[in-house]
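**Q**
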Amino acid sequence: MRTPVIAGNWKMNLLSGDAVALASALNSALTDASAVEVIVCPVFTVLAAVSQALKGGRVAVGGQNCYHDASGAFTGEISPQMLHDAGCTWTIVGHSERRQLFGEADALLNRKLKFALASGLNVMFCVGETLDERKGGMMETVLRQQVSEGLSGLTEAEFANTVIAYEPVWAIGTGVTATPEQAQDAHAFVRGLVRGQFGATVSDGLRIQYGGSVKPDNAADLLSRPDVDGALVGGASLNAEGFAAIVRAGVSAATR
Ligand code: PEP
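Residue numbers for the sequence shown follow the numbering used here, beginning at 3 and rising by one.
#1: Select from 103, 238 and 97 the residue whose C-alpha is nearest the C-alpha of residue 168.
#2: Helix, strand or coil: which one does DSSP assign to residue 191?
#3: I need the straight-line Cα distance from residue 180 to residue 136, nearest angstrom please.
#4: Can you name, in chain order, every residue of its own chain whose Cβ lies under 8 Å from the Cβ of residue 155, other than the five neighbours on each side?
#5: Going by beta-carbon coordinates alone, are residue 50 and residue 250 separated by less than 9 Å?
#6: Give the C-beta separation of residue 247 and residue 6 to the nearest angstrom, bearing in mind that I take them to be a contact with Cβ-Cβ under 8 Å.
#7: Less than 9 Å between the C-beta atoms of residue 234 and residue 212, yes or no?
#8: Would you kindly work out how many angstroms separate the C-alpha atoms of residue 109 and residue 130, rounded to a whole number?
#9: Compare the beta carbon distance of residue 225 and residue 244 with 9 Å and say whether it is the shorter of the two.
#10: For residue 234, list the residues DSSP reports as bridge partners.
#11: Does DSSP classify residue 248 as helix, strand or coil?
#12: Reducing DSSP to helix, strand and coil, say where residue 241 ends up.
#13: Quick one: what does DSSP say residue 76 is sitting in, helix, strand or coil?
#14: Can the beta-carbon of residue 32 be found closer than 9 Å to that of residue 22?
#15: May I ask you to verify whether the stretch 117–124 touches the stretch 139–149, counting CB pairs closer than 8 Å and requiring at least 3?
#16: Run through DSSP, which three-state label would residue 132 get?
#17: Determine the burial state of residue 99: buried for a count of at least 16 other Cβ atoms within 10 Å of its Cβ, exposed for fewer.
#18: Taking the alpha-carbon positions, what's the residue 92 to residue 65 distance?
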């Protein structure tokens with residue numbers, strides 16, 4: 003049984019007062035969520051304050067991105083060591099907004115992934131196809147490329163600290179959710195790719211989150227699918243009650 007991992011990606015939202023208030027509300031709401039792993043990923047400027055607010059509770063903290071070096075002349079970047087220093091145990095790598103808006107490609111993301119893991123962080127590594135790619139019958143080709151190059155060279159031990167987030171780009175922030183069947187098919191395909199490249203032990207243990215307009219009212223159905231091991235939630239994670247309801251859907255899926 004794979005423990006579901008439910009993460010909130012707060013993106014470039016919330017100043018410190020609202021971020022700490024949201025974290026504190028989650029801390030109070032999620033005391034009974036031990037069947038799932040819960041993470042929030044705030045903006046860099048509030049990481050330390052949010053980590054402090056969540057201290058001793060059930061919710062871990064992650065960065066939304068990080069660089070593949072510890073320190074130095076990399077203006078505007080942040081290292082895994084700095085995320086750790088601010089209280090993070092996780093980071094996202096390869097979110098589609100990083101890929102699309104900031105030109106991050108698989109070779110770079112592979113370096114980031116490996117460096118974050120080597121630096122002691124757990125990683126949510128995002129993959130997913132655009133609408134044009136899906137319509138053009140390219141979904142499997144795109145996912146194969148993102149998995150083979152993005153995860154290239156990972157060891158079995160490193161996979162224990164890696165989660166894949168399957169996030170179809172056409173479902174992110176659009177209100178259009180993949181159907182549970184579409185999500186299950188894509189997750190099974192990704193798991194098959196990982197099995198082919200890294201073997202059954204790795205693929206059977208690997209957690210694959212779904213991301214793309216997950217909401218309290220669709221989470222239970224998505225999370226009930228056999229290869230859907232959690233959710234990466236954008237917009238709906240900015241509301242404590244809504245995110246707590248998604249976490250509870252994960253608890254129900256885990257304890258069924
Ligand atoms: C995301 O940012 O990873 C995401 C899935 O966003 P949303 O839930 O808003 O679609």
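Every residue gets a Cβ at the ideal spot worked out from N, C-alpha and C, and that includes glycine.
**A** In this structure, then:
#1: Position 166 of the sequence shown, counted from the start, is the residue given in the question as residue 168. Residue 97 is the option with its Cα nearest to residue 168.
#2: What you label residue 191 is simply residue 189 of the sequence shown in a count that begins at 1. Residue 191: helix per DSSP, three-state reduction.
#3: As a position in the sequence shown, residue 180 is number 178, starting the count at 1. As a position in the sequence shown, residue 136 is number 134, starting the count at 1. Taking the straight line from one Cα to the other gives about 12 Å.
#4: Along the sequence shown, one-based indexing puts residue 155 at 153. Hits under 8 Å: 112 and 116.
#5: For the purposes of this step, residue 50 is taken as the residue at position 48 of the sequence shown. For the purposes of this step, residue 250 is taken as the residue at position 248 of the sequence shown. Taking 9 Å as the Cβ cut-off, residue 50 and residue 250 do not qualify as a contacting pair.
#6: Your numbering for residue 247 matches position 245 in the sequence shown. Your numbering for residue 6 matches position 4 in the sequence shown. Not quite, the Cβ-Cβ distance comes to about 14 Å (not below 8 Å), so this is no contact.
#7: In the sequence shown, counting from the first residue as 1, residue 234 sits at position 232. In the sequence shown, counting from the first residue as 1, residue 212 sits at position 210. Contact flag set, yes.
#8: Residue numbering aside, residue 109 sits at position 107 when the sequence shown is read from its first letter. Residue numbering aside, residue 130 sits at position 128 when the sequence shown is read from its first letter. So the alpha carbons of these two residues sit roughly 16 Å apart.
#9: Taking the first residue of the sequence shown as 1, we reach residue 225 at position 223. Taking the first residue of the sequence shown as 1, we reach residue 244 at position 242. Their beta carbons are not under 9 Å apart, which means residue 225 does not touch residue 244 by this criterion.
#10: Translated into positions along the sequence shown, residue 234 becomes position 232. DSSP output for residue 234 lists 9 and 213 as bridge partner(s).
#11: Within the sequence shown, the letter at position 246 stands for residue 248. If DSSP states are grouped into helix, strand and coil, residue 248 belongs with the helices.
#12: For this step, residue 241 is matched to residue 239 along the sequence shown. In the structure shown, residue 241 sits in coil (DSSP, three-state: anything other than H, G, I, E or B).
#13: To locate residue 76, count along the sequence shown from 1; it is residue 74. Residue 76 falls in the coil class under three-state DSSP.
#14: Position 30 of the sequence shown, counting from 1, holds the residue named residue 32. Position 20 of the sequence shown, counting from 1, holds the residue named residue 22. Their beta carbons are not under 9 Å apart, which means residue 32 does not touch residue 22 by this criterion.
#15: no
#16: On the sequence shown, position 130 is the one that residue 132 refers to. Correct three-state label for residue 132: coil.
#17: Locating residue 99 in the sequence shown gives position 97, where the first residue counts as 1. Buried, since its Cβ has 16 or more Cβ neighbours within 10 Å.
#18: Stepping through the sequence shown from its first residue, residue 92 is reached at position 90. Stepping through the sequence shown from its first residue, residue 65 is reached at position 63. The straight-line gap from Cα to Cα measures roughly 6 Å.
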